[in-house]
Each structure stands twice: as structure tokens, then as C-alpha cells.
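In our numbering, the protein residues as written are 16 to 273.
1. What residues in its chain sit with their C-beta under 8 Å from that of residue 128, if we drop five residues either side in the sequence?
2. State buried or exposed for residue 125, treating a residue as buried only when at least 16 other CB atoms are found within 10 Å of its CB.
3. Ordered along the chain, which non-local residues of its own chain (more than five positions away) have a Cβ less than 7 Å from that of residue 99?
4. On the criterion of 16 or more Cβ atoms from any shown chain inside 10 Å, does residue 27 qualify as buried, or is it exposed?
5. Short check: CB of residue 146 to CB of residue 156, under 8 Å?
6. What are the uninterrupted segments assigned as alpha helix (DSSP H) that are 4 or more residues long and contained completely in the segment 21-106, given in chain order?
7. Quick one, are the C-beta atoms of residue 121 and residue 72 less than 8 Å apart?
8. Cα separation between residue 67 and residue 166?
9. For residue 103 and residue 109, what's the separation of their Cα atoms in angstroms?
10. Are the beta-carbon atoms of residue 219 and residue 258 separated by less than 8 Å?
11. Using a Cβ-Cβ cut-off of 8 Å (strictly less than) and excluding sequence neighbours within five positions of residue 174, which residues of its own chain qualify?
12. Which of helix, strand or coil does DSSP assign to residue 266?
13. Taking 8 Å as the cut-off, decide whether the C-beta atoms of residue 209 and residue 57 are in contact.
14. Could you say which of 246, 137, 216, 247 lies nearest to residue 232 if we only look at CA atoms?
15. Helix, strand or coil for residue 120 per DSSP?
16. Nearest-angstrom Cα distance between residue 22 and residue 150?
17. Could you give the C-beta distance for residue 229 and residue 248, rounded to a whole number, given that I count them as a contact under 8 Å?
18. With a threshold of 6 Å on Cβ separation, who are the neighbours of residue 143 within its own chain once the five nearest residues in sequence on each side are excluded?
19. If you count every other CB in all the chains shown that lies within 10 Å of the CB of residue 39, and 16 or more means buried, which is it?
20. For residue 163, name the three-state secondary structure that DSSP assigns.
21. Please report the distance separating the alpha-carbon of residue 252 from that of residue 113.
22. Taking the alpha-carbon positions, what's the residue 37 to residue 60 distance?
23. Out of curiosity, what's the CA-to-CA distance linking residue 241 and residue 213?
24. If you count every other CB in all the chains shown that lies within 10 Å of the CB of residue 35, and 16 or more means buried, which is it?
25. For residue 43 and residue 75, what's the separation of their Cα atoms in angstroms?
26. Tell me whether residue 219 sits in a helix, a strand or coil according to DSSP, three-state version.
27. Excluding sequence positions up to five away, which residues of its chain have a Cβ less than 8 Å from the Cβ of residue 238?
28. DSSP three-state call for residue 130: helix, strand or coil?
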């Protein structure tokens, strides 16, 4: 049966588009869902370095929206906004990966920082300071912060890498959270990841925890979070990156064993 989450007007436009590729219907749908593109682009800009052009990100996102129009199945019980969000985010991440904006030397440094968080926080069972991480790696605090700032996008992608399931783009953890999966091991892994992330969020320094909350639960924009915390936009981006590195590190042991 047809998707009952759409209005009658939208169903008519969708019907004209999918059956005939009617230009008027296509124009209506693009205009209807462009705000979704703008919203997702703004969310991505939270973690992007200044060297990345916002217009490029919007172009990737727009391509994802067009791809969603072509592949959306009205027979499925799913809102188009949900499906399009997967496609748009995936298109942006793929575009950024193909542009290869981050030098390998920085990627290697990020991996070392991530491993340091994993080792130190497992040992202490609590959040570690920048000084402790810097001392462990044999670098200065300023070098640590510089690398974290440069690799903001890398930390974002690592926690929500895109994969495909039944022609749908989803976060890599979404697949293993399926409680109806045939493999008991997958369900156990999913539960362990949830518990690990929950504990890791609880251990975050207060400001980093607040940034995560405002960003992903309150869905505030980067500039709005900066106003709430009375800090610069770049500082918010840095705190977000450190928090994601800590959360990513919390799942390393689980993935190494499965």
C-alpha cells in the first residue's frame, strides 16, 4: 500500500514524479525538501575545519537529496525525511572522503590520540585530562589541541561511518542494534556498545558532555552552543572532537574482540 505518512498533495506529486518523472512534480519536491539539505549541512559544519567550503558540502548534500528522490520506495512504511537524511549524510561523507582533505600524517596522529584515550581511560575508569594524554604521547598540550582541531571531520566520520543495508544508508552501529538479528553475538555486541557509550558519556568532562547534549539532543547550531558556553565557535568544535574521540575509544575494545 502507499506510504500513509505523506499528505494527499504530496502523494500526488510523488506519483507524478515516480511514474512519469514530471518536471513540475520534481520541482515541487526539491523545493519541499531543500530545508532538510540546509539543516544537515549546518549539522555537518559543526565538525568541519574552516578549510572546507560550505558550498561544496551543500553540493554533496543536494546530490544526496536527488539520489533519494530516485530511490525512495513509497510502498515502504518510512517517512521520506528519514530515508533522505541517510542518503544526504552518506553523500556528504562520501564526497569528503573522495576529496581526501586530511593528510595521512594527521590521520596517524588522530589514531594515536584515540588509542591514548582508550588505554588511559580504561586504566583509570574515568575521563583523562589533556595533560595526561599529552604526557602519554610525549607531545605538548598545544600540539594535541592542534591535531584535534585539524581532524574534526575525521572524528565525526569515525563514530558514524556510513554502511548499506537493503539499499538503505545507515550508521554503522544501527545495523548491529537490530534486536531481531539472527546472530545472538550481534545482539550482545550491540548491548555492550550501548553500555560502553553510556558509561563513556557519563565520564565525559562536564563541558564536553554539555556540547554533546546540546549538539545531538537539543540540536543547537554551532554558533548557538558557543553562545551558551560563552566560548568561541572553534572552541566548541574542538570540545566536540575530543568528546567524539573519547566515545570512539570506548568502543575499540569491543570491536577488537568481535
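All C-beta atoms, glycine included, are put in the ideal place defined by N, C-alpha and C.
So, from the listed chains and residues:
1. 148, 152, 159, 162, 163, 260
2. buried
3. 48, 51, 80, 83
4. exposed
5. yes
6. 23-35, 38-60, 69-86
7. no
8. 12 Å
9. 10 Å
10. yes
11. In this prediction, residue 174 scores a pLDDT of 42, lower than 50, which makes its location untrustworthy; no coordinate-derived value is stated.
12. helix
13. no
14. 216
15. helix
16. 59 Å
17. Not quite, the Cβ-Cβ distance comes to about 13 Å (not below 8 Å), so this is no contact.
18. 135, 136
19. exposed
20. helix
21. 23 Å
22. 34 Å
23. 25 Å
24. exposed
25. 20 Å
26. coil
27. 248
28. helix
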